[in-house]
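Participant: Before I ask anything, let me first share the structure, which is written out below as structure tokens.
Numbering (the numbering used here), first residue to last: -9 to 119.
Here it is, written out as structure tokens:
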């Protein structure tokens, strides 16, 4: 509720966070991707350069494809787009189902942990932010 002298727009904008967009609005109310699990260190690359002609894609989908012209981890995508990881996973599921992105899951070592090269790549990517 707005107070005296405040507009409805001020209620939905935070000086530090920017406009408030609820994640369920971006994902159409979905909490799980239609395909894939998308670990934080999974590496994502776009399979096409232009998806503007694809119907049913939102601006966040298009932004992910644009970002993933260069390989990005799921964590990096979420950081670049300032979206929760869960939301990014749902959007990646949409894109993977349409074969617009390719996702490489981390390789596991015999102990079940991802290869150290994957961790190094993610750390380097996050430092570049």
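Glycine is no exception: its CB is placed at the ideal position from the N, C-alpha and C atoms.
At the level of alpha carbons, what is the spacing between residue 43 and residue 49?
Facilitator: Within the chain shown, residue 43 is the residue found at index 53, counting from 1. Within the chain shown, residue 49 is the residue found at index 59, counting from 1. So the two alpha carbons sit approximately 12 Å from each other.
Participant: So the beta strand (DSSP E) residue 36 belongs to, where does it begin and stop?
Facilitator: As a first step, residue 36 must be located in the chain shown, where it is residue number 46. Annotation: the continuous beta strand (DSSP E) that includes residue 36 extends over 33 to 36.
Participant: Please confirm if residue 73 has its CB atom under 9 Å from at least one CB of chain B.
Facilitator: Reference to chain B is not applicable here, since this structure consists of a single protein chain.
Participant: Hey, how far is the Cα of residue 16 from the Cα of residue 82?
Facilitator: Numbered from 1 along the chain shown, position 26 holds the residue referred to as residue 16. Numbered from 1 along the chain shown, position 92 holds the residue referred to as residue 82. Their Cα atoms are separated by approximately 12 Å.
Participant: Label residue 39 either buried or exposed according to how many other C-beta atoms from any shown protein chain fall within 10 Å of its C-beta, with 16 as the threshold for buried.
Facilitator: As a first step, residue 39 must be located in the chain shown, where it is residue number 49. Exposed.
Participant: Ordered along the chain, which non-local residues of its own chain (more than five positions away) have a Cβ less than 8 Å from that of residue 64?
Facilitator: Here residue 64 is taken as the residue at index 74 of the chain shown, counted from 1. Hits under 8 Å: 28, 29, 30, 31, 32, 34, 75, 78, 79 and 82.
Participant: Considering only residues of the same chain and omitting the five flanking positions on each side of residue 26, which have a CB-CB separation below 7 Å?
Facilitator: On the chain shown, residue 26 is found 36 positions in, with the first residue counted as 1. Here the set comprises 82, 83, 86 and 93.
Participant: Who are the Cβ neighbours of residue 91 in its own chain at under 8 Å, not counting the five residues just before and after it?
Facilitator: Residue mapping note: residue 91 aligns to position 101 of the chain shown, counting from 1. Close CB contacts of residue 91 within its chain, under the 8 Å cut and outside five residues either way in sequence, are with 34, 35, 36, 37, 54, 55, 58, 82 and 85 (chain order).
Participant: Take residue 109 as the anchor and find which of 22, 62 and 47 has the nearest alpha-carbon.
Facilitator: For this step, residue 109 is matched to residue 119 along the chain shown. Cα-wise, what sits closest to residue 109 is 62.
Participant: Can you tell me whether residue 21 is buried or exposed, with buried defined as 16 or more other CB within 10 angstroms of its CB?
Facilitator: Within the chain shown, numbered from 1, the residue matching residue 21 stands at position 31. Residue 21 comes out exposed.
Participant: Helix, strand or coil: how does DSSP classify residue 93 here?
Facilitator: Locating residue 93 in the chain shown gives position 103, counting from the first residue. Strand, per DSSP.
Participant: Please confirm whether residue 119 and residue 70 have their CB atoms less than 9 Å apart.
Facilitator: On the chain shown, residue 119 is found 129 positions in, with the first residue counted as 1. On the chain shown, residue 70 is found 80 positions in, with the first residue counted as 1. Yes, Cβ-Cβ distance for residue 119 and residue 70 is below 9 Å.
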